[in-house]
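Undergrad:
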Amino acid sequence: MGAPAKADVARLPEPDVAREWLATMTLIRRFEERAGEMYARAKVGGFLHLSIGEEATIVGSARALRTTDYLVSTYRSHGHALVRGTPPEKVMAELFGRVDGCSRGRGGSMHMFDLERRFMGGYGIVGGNLPIAAGVALASDYTGTDEVTLCTFGDGACNQGTFGETLNLAALWRLPVVFMVTNNQFGMGTALQRHSAVTDLRRKGEGLGVPGMSCDGMDVLDTHAVLSWAVERVRTERRPVLVEAITYRFRGHSMADPEQYRTKEEVARWRERDPIPAFGELLLGAGVLDERQREQIDADAVARVDAAVQFAESSPHPEPDSLYDDVYVLDRARWGTYSVKTTDPQAHPSSPAERQRDDAAQAADGADEIPQQMSDALLLGEEAT
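Set out below in structure tokens:
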């Protein structure tokens, strides 16, 4: 490949930053490839959705955020966990359903979560993450911080009711959230033009008061530039923006996808724009790295993924007794009704000391009733069904 265009060179970040972007995209690619292999070997349960081909969208957008900002993802979330800094060992262990996973083996592929790094999770329900992202942004407003929330979702989600509802409230309440629709051309197996009357997705929020823009999701530089502008605008003006990242997934919707809805020729054309070798060639031409360094970046990524698989294999499965952990809210700092037998308000302890006394008495009686948080409706005498 010849020398890079002057505009591309001018947009390049500092050499160390550029190399980190390439390394992170490469790590995501190698991780996803290995995850697919592990799924085929029945090491991963449930569903598995890979983001191979979308690495520039993931890295370019996430690197526009501060560490104090929030990121909310979809069920295609492994790359987002990695880009936020979750160790690949913990991500792989989560795929394997092991206790050392980032969600202690309870989330699997679709429900990654890392609060420490402000990665607020992957979500299995299409469009279900949109109102959650708005809630996180609302919390930032309540606490008076300048945090921004980045919410990613697929093109299929922009036809869900949660899309219109959330963008309307985000605009009305001036919430600091960047909505990024990852337009990978297909909602599951349905092409964009077959499921959306408006295919210029950046415009779908304008009638709701959310201005839109687009970026080339196959180009990490363009994605980063557009998202940086969007994030800072949201941070400054405290009102939402919609960004359409035009990209493509090289693999199927999930590992169970026979991919009968698109041709091999179409996939091959998009693979010619593979964001990882394209960015690598750009860095080579700009003198940011040499071929030996690029090969080392790939070797390092493979080694980290190998170590992640070994870590996941050695991590134990959750104990059966932990099945009900974190299912019920029994925190004594929060009021709740814990048993159908206590629907009578007069029988309800009114102080922490009284609740502690009753708990001790129940334990002494050997009661085998399973505690459960009931709704306020029970306190009002409504029937429990």
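Mind the numbering: the sequence shown is residues 2 to 386 in our numbering, read in order.
Don't be surprised by glycine CBs; every beta carbon is placed ideally from N, CA and C.
These numbers come from a predicted model, not from an experiment.
#1: Indicate whether Leu-228 and Ala-57 have their beta-carbon atoms separated by less than 7 Å.
#2: For Asp-17, count neighbouring Cβ atoms within 10 angstroms of its own Cβ and tell me buried if that reaches 16, exposed if not.
#3: Helix, strand or coil for Asn-185, going by three-state DSSP, please let me know.
#4: Rounded to whole angstroms, what's the CA-CA distance from Asp-275 to Asn-184? Just pull it up for me.
#5: Measuring alpha carbon to alpha carbon, tell me which of Gly-253, Arg-107 and Pro-259 ends up nearest Val-45.
#6: Between Ile-247 and Arg-30, is the Cβ-Cβ spacing less than 7 Å?
#7: Tell me which same chain residues have a C-beta within less than 6 Å of the C-beta of Thr-150, skipping the five on either side of it?
#8: How about Ala-94 and Ser-316: do their beta carbons lie closer than 7 Å?
#9: Which residues in the same chain as Ala-348 place their Cβ atom closer than 6 Å to its Cβ, once the five residues preceding and following it in sequence are excluded?
#10: Let's see if you can read the secondary structure: which residues bound the beta strand (DSSP E) around Met-214?
#11: Is it buried or exposed for Ser-323, if we count other Cβ within 10 angstroms and need 16 for buried?
#12: In the DSSP assignment, what residue or residues form a beta bridge with Val-235?
#13: Using three-state DSSP, classify Tyr-71 as helix, strand or coil.
#14: For Val-199, count neighbouring C-beta atoms within 10 Å of its own C-beta (all shown protein chains included) and say buried if the count is 16 or more, exposed if not.
#15: Just the Cα atoms here: how many angstroms apart are Arg-12 and Arg-20?
#16: Using the rule of at least 16 other Cβ atoms within 10 Å of the residue's Cβ for burial, across every protein chain shown, is Tyr-329 buried or exposed?
#17: Please name the residue, chosen from Met-26, Glu-38 and Ala-24, that lies closest to Met-256 on a Cα-to-Cα basis.
#18: Are Leu-168 and Gly-208 closer than 7 Å when you measure CB to CB?
#19: Look at the Cβ atom of Ala-172, then the Cβ atom of Pro-241, and state whether they are nearer than 7 Å.
#20: Please classify Asp-201: is it buried, with 16 or more other beta-carbons within 10 angstroms of its beta-carbon, or exposed?
#21: What first and last residue would you give for the beta strand (DSSP E) that runs through Ala-246?
#22: Using the C-alpha atoms, what's the distance from Ser-78 back to Trp-22?
#23: In chain order, which continuous runs of the alpha helix (DSSP H) of length 4 or greater are located wholly inside the segment 101 to 188?
#24: Just the C-alpha distance for Glu-33 and Glu-273, rounded to the nearest angstrom, thanks.
#25: In whole angstroms, what separates the C-alpha of Leu-116 from that of Met-219?
#26: Thr-191 by DSSP, collapsed to three states: which one?
#27: Pick out whichever of Val-73, Gly-47, Gly-288 and Asp-291 has its Cα sitting closest to the Cα of Gly-123.
#28: Please classify Ala-43: is it buried, with 16 or more other beta-carbons within 10 angstroms of its beta-carbon, or exposed?
#29: Thinking C-beta only, is Leu-49 closer than 7 Å to Ser-110?
#30: Within 10 Å of its beta-carbon, does Lys-91 have 16 or more other beta-carbons around it, so buried, or fewer, so exposed?
#31: Express the C-alpha separation of Gly-210 and Val-303 in angstroms, rounding to a whole number.
#32: Should Thr-25 go down as buried or exposed, given a rule of 16 or more other Cβ atoms within 10 Å for buried?
#33: What distance in whole Å lies between the Cβ atoms of Thr-153 and Leu-131, which are believed to be in contact at a cut-off of 8 Å?
TA: Reading from the atomic positions:
#1: Between Leu-228 and Ala-57, the C-beta spacing is not below 7 Å.
#2: So Asp-17 counts as exposed.
#3: Asn-185 falls in the coil class under three-state DSSP.
#4: Using only the alpha carbons, I get a separation of about 16 Å.
#5: Nearest option by C-alpha distance: Arg-107.
#6: No; because the gap between Cβ atoms is not below 7 Å, this pair is not in contact.
#7: Around Thr-150: Tyr-71, Ala-134, Val-137, Ala-138 and Val-178.
#8: Taking 7 Å as the Cβ cut-off, Ala-94 and Ser-316 qualify as a contacting pair.
#9: For Ala-348, the predicted structure reports a pLDDT of 49, less than 50, and the residue's modelled location is therefore unreliable. A value from the coordinates is still provided. Nothing listed; no residue qualifies.
#10: Unbroken beta strand (DSSP E) run through Met-214: 213 to 217.
#11: In summary, Ser-323 is exposed, with fewer than 16 beta-carbon neighbours lying within 10 Å of its beta-carbon over all protein chains present.
#12: For Val-235, which the question treats as bridged, DSSP gives no partner whatsoever.
#13: Three-state result, Tyr-71: strand.
#14: Around the beta-carbon of Val-199, fewer than 16 other beta-carbon atoms lie within 10 Å, marking it exposed.
#15: The straight-line gap from Cα to Cα measures roughly 14 Å.
#16: Under this definition Tyr-329 is an exposed residue.
#17: When each option's Cα is compared against that of Met-256, the closest is Glu-38.
#18: Note that the C-beta distance between Leu-168 and Gly-208 is not below 7 Å.
#19: Yes, the Cβ-Cβ distance between Ala-172 and Pro-241 is below 7 Å.
#20: Asp-201 should be labelled exposed.
#21: Its beta strand (DSSP E) spans residues 242 to 247.
#22: Straight-line Cα distance between these residues: approximately 18 Å.
#23: Runs found: 130 to 144 and 162 to 173.
#24: Cα to Cα, Glu-33 sits roughly 19 Å from Glu-273.
#25: A direct Cα-to-Cα measurement between Leu-116 and Met-219 gives close to 28 Å.
#26: If DSSP states are grouped into helix, strand and coil, Thr-191 belongs with the strands.
#27: Nearest option by C-alpha distance: Val-73.
#28: For Ala-43, the number of other beta carbons within 10 angstroms of its own is below 16, and it is reported as exposed.
#29: In this structure, Leu-49 lies closer than 7 Å to Ser-110 by Cβ.
#30: Buried.
#31: Distance between Val-303 and Gly-210, taken at the CA atoms: about 45 Å.
#32: Buried.
#33: About 10 Å separates the two Cβ atoms, so there is no contact after all.
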